[in-house]
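Just below is one structure, and these are the notes that go with it.
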C-alpha cells in the first residue's frame, strides 16, 4: 500500500488488521494506491471514518476511473472498522489500483484491500 506524499501509515487507532493503516492527507486528490493481481471481480476495502460525513473516493484501475465518488460512510469512531465492497472486474495480470479523495476531507483511514475472484 502506498499513500500520497501528504499521507502517513499510522497505528494510533486500535482495531486495524495488520501493523498499520493508511491515513491519507485531508485534501481533494489525496490517494492510497496498491499493486494488485487479477483476475478479480470484487474488491473489499477495510476502513474507519470517525467523522459524521461520508468520505467519497474515485476508484481507478491502471489510471482509469472505474467507480466514481464511492462513499465510505461514517463508522462512528476512528476505532470502529467496517468494509465497503465493490464489484470491479480485473483481468489477469498486475494492476495499479488507486482510491482518490473527491472532497477536502480526504479518504477514510484504509486498513486493507481484499481482492476476490
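Numbering (this note's numbering), first residue to last: 1302 to 1418. Backbone N, C-alpha and C fix where the C-beta goes; we use that ideal spot for every residue, glycine too. No experiment lies behind these values; they were computed from the predicted model shown.
Quick one: Cα of residue 1369 to Cα of residue 1311, how far? 26 Å
Could you tell me which uninterrupted beta strand (DSSP E) segments, each at least 3 residues in length, are contained entirely in the segment 1311-1392, listed from first to last along the chain? 1322-1324, 1332-1341, 1343-1349, 1358-1362, 1365-1371 and 1383-1387
Please report how far the alpha carbon of residue 1319 lies from the alpha carbon of residue 1347, in whole angstroms. 11 Å
Pull up the distance between the alpha-carbon of residue 1354 and that of residue 1372, whole angstroms please. 9 Å
With a cut-off of 8 Å on the beta carbons, I'd call residue 1375 and residue 1352 a contact; round off their distance for me. 6 Å
Is residue 1414 closer than 9 Å to residue 1362 when the C-beta atoms are compared? no
According to DSSP, is residue 1415 helix, strand or coil? strand
Look up residue 1401 in the DSSP assignment and say whether it is helix, strand or coil. strand
Environment of residue 1387 [buried if 16+ CB atoms lie within 10 Å]: exposed
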